[in-house]
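What follows is a single structure, written as structure tokens, with notes after it.
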């Protein structure tokens with residue numbers, strides 16, 4: 001028998017053994033996941049994130065005009081249009097009372113091949129109250145609020161097994177909070193960045209291949225003005241999100257949105273050029289780094305001048321740039337100013353028709 005104690009042979013044997021173990025480990029996972037080792041942690045990497053196209057849906061299941069909203073019909077509508085993502089607004093504190101409804105929705109989405117993205121709203125919900133201090137306390141983990149946020153959404157992830165989840169919907173930053181006098185905006189941003197990393201790692205202990213959506217902080221600022229452009233999160237399966245609306249309140253747009261004024265005024269050729277500049281302003285810095293970015297909420301008040309033209313231009317420009325679009329929202333107009341449906345919750349309005357034509361990734 002040959003002596004294998006020679007250092008070179010020993011090294012070769014060890015290398016072959018390690019490779020064998022790695023191959024075995026990879027193929028013992030599902031065919032849709034692989035893993036890499038980083039800083040002692042196993043990180044599961046899903047296949048490259050496809051261009052996500054779909055709808056945003058508010059947390060309510062009831063409408064005064066029709067009673068319970070026909071979720072089966074809405075899921076079919078998205079699937080038949082070719083959509084592949086459903087962003088569902090959820091409020092963690094309300095989840096225990098609505099668990100059966102959300103589980104039923106997830107099952108319907110799975111049956112039609114649509115991915116679930118959870119939009120994480122506040123405990124008291126700034127969706128309704130715009131409580132900036134509440135968000136800031138969660139980010140800073142005041143009285144353990146950040147840990148509770150991560151734990152509560154972790155419990156929901158464990159049950160629903162979503163494709164993706166927001167770390168936090170529309171973080172508004174330090175302005176107007178008690179932290180404004182205690183630290184700089186850059187320091188608060190770094191606290192938010194670390195909060196995102198903590199949430200991502202905790203949730204991936206529950207669902208290793210979870211895709212996580214990260215908004216800027218403040219969410220309305222360009223990436224180059226905070227810290228993500230210079231220092232993105234070093235984790236796999238991250239999507240960076242932007243929200244954008246054309247005159248949601250049906251008021252004449254402000255001067256800092258010249259593209260919207262051009263649509264309103266009917267200067268459509270110029271409007272599309274300005275809209276292209278806006279989209280690049282929102283996304284180009286991150287796209288140039290090879291990062292995945294999506295318009296996670298986009299929409300228009302249905303009554304705006306040239307609203308359908310705006311939406312078609314928006315879809316065309318995003319398709320040229322391979323940017324995903326989640327349209328807000330799958331609801332009846334005028335209950336939702338940007339709703340894609342007529343008041344019967346069964347038929348598409350003019351903006352809904354534009355949405356349906358553009359869902360195929």
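Residue numbers (the working numbering): 1 to 361. We put the beta carbon where it would ideally sit given N, CA and C, even for glycine. These numbers were taken from a predicted model, which means no experiment stands behind them.
Under 8 Å by Cβ, that's how I've got residue i and residue j pegged, so tell me the actual separation to the nearest angstrom.
i: residue 337; j: residue 250; result: 7 Å
i: residue 223; j: residue 285; result: 5 Å
i: residue 309; j: residue 245; result: Between residue 245 and residue 309 the Cβ distance is about 16 Å, and since that is not below 8 Å, they are no contact.
i: residue 133; j: residue 178; result: 7 Å
Taking 6 Å as the limit between beta carbons, can you name the residues of its chain near residue i, skipping five residues before and five after?
i: residue 119; result: 87, 89, 166, 169
i: residue 359; result: 53, 81, 82, 83
i: residue 204; result: 210
i: residue 174; result: 180, 185, 188
Going straight from the alpha carbon of residue i to that of residue j, what length do you get?
i: residue 348; j: residue 189; result: 40 Å
i: residue 18; j: residue 106; result: Because residue 18 carries a pLDDT of 39, less than 50, the predicted location of this residue cannot be relied on, and the following value inherits that uncertainty. Residue 18 and residue 106: Cα-Cα distance of roughly 39 Å.
i: residue 220; j: residue 76; result: 33 Å
i: residue 72; j: residue 108; result: 7 Å
i: residue 230; j: residue 60; result: 38 Å
i: residue 257; j: residue 100; result: 42 Å
i: residue 352; j: residue 135; result: 32 Å
i: residue 66; j: residue 329; result: 18 Å
i: residue 95; j: residue 113; result: 24 Å
i: residue 296; j: residue 64; result: 28 Å
i: residue 433; j: residue 279; result: As displayed, the chain neither begins before 1 nor continues past 361, which places residue 433 out of reach and without an answer.
i: residue 161; j: residue 104; result: 13 Å
i: residue 145; j: residue 226; result: 24 Å
i: residue 313; j: residue 70; result: 30 Å
i: residue 85; j: residue 266; result: 32 Å
i: residue 334; j: residue 212; result: 32 Å
i: residue 235; j: residue 283; result: 19 Å
i: residue 74; j: residue 320; result: 28 Å
i: residue 311; j: residue 255; result: 20 Å
i: residue 302; j: residue 345; result: 15 Å
i: residue 273; j: residue 281; result: 13 Å
i: residue 182; j: residue 350; result: 49 Å
i: residue 42; j: residue 143; result: Bear in mind that the predicted position of residue 42 carries a pLDDT of just 45, short of 50, making it too unreliable to give a figure here.
Below 7 Å CB to CB, which residues in the same chain sit around residue i once its five sequence neighbours on both sides are set aside?
i: residue 191; result: 139, 140
i: residue 276; result: 317
i: residue 51; result: 322, 324, 361
i: residue 196; result: 167, 214, 233
i: residue 271; result: 259, 262, 263
i: residue 327; result: 55, 56, 298, 299, 340, 355
i: residue 68; result: 61, 62
i: residue 343; result: 65, 332
Counting only the same chain and skipping the five closest in sequence on each side, list residues whose C-beta sits under 8 Å from that of residue i.
i: residue 228; result: 193, 214, 216, 240, 286
i: residue 264; result: 247, 252, 253, 304, 305, 306
i: residue 153; result: 92, 118, 120, 165, 199, 203
Output the boundary residues of the alpha helix (DSSP H) element that contains residue i.
i: residue 352; result: 350–357
i: residue 149; result: 145–160
i: residue 203; result: 185–206
i: residue 99; result: 95–111
i: residue 259; result: 258–265
i: residue 138; result: 132–140
Taking residue i as the reference, give the member of the options with the closest Cα.
i: residue 151; options: 92, 116, 208; result: 92
i: residue 238; options: 292, 355, 58; result: 292
i: residue 242; options: 236, 262, 218; result: 218
i: residue 98; options: 182, 184, 62, 178; result: 62
i: residue 201; options: 147, 225, 185; result: 147
i: residue 49; options: 278, 178, 294, 187; result: 294
i: residue 149; options: 198, 173, 179; result: 198
i: residue 116; options: 143, 133, 79, 137; result: 79
i: residue 315; options: 357, 290, 235; result: 357
i: residue 137; options: 346, 176, 302; result: 176
i: residue 155; options: 313, 182, 207, 143; result: 207
i: residue 110; options: 163, 269, 143; result: 163
State the start and end residues of the unbroken beta strand (DSSP E) segment that holds residue i.
i: residue 56; result: 53–57
i: residue 210; result: Looking at the DSSP string, residue 210 is not in any beta strand (DSSP E), and its letter there is neither H nor E.
i: residue 86; result: 85–91
i: residue 283; result: Here residue 283 belongs to no beta strand (DSSP E); instead the alpha helix (DSSP H) covers 268–287.
i: residue 298; result: 292–300
i: residue 164; result: 164–166
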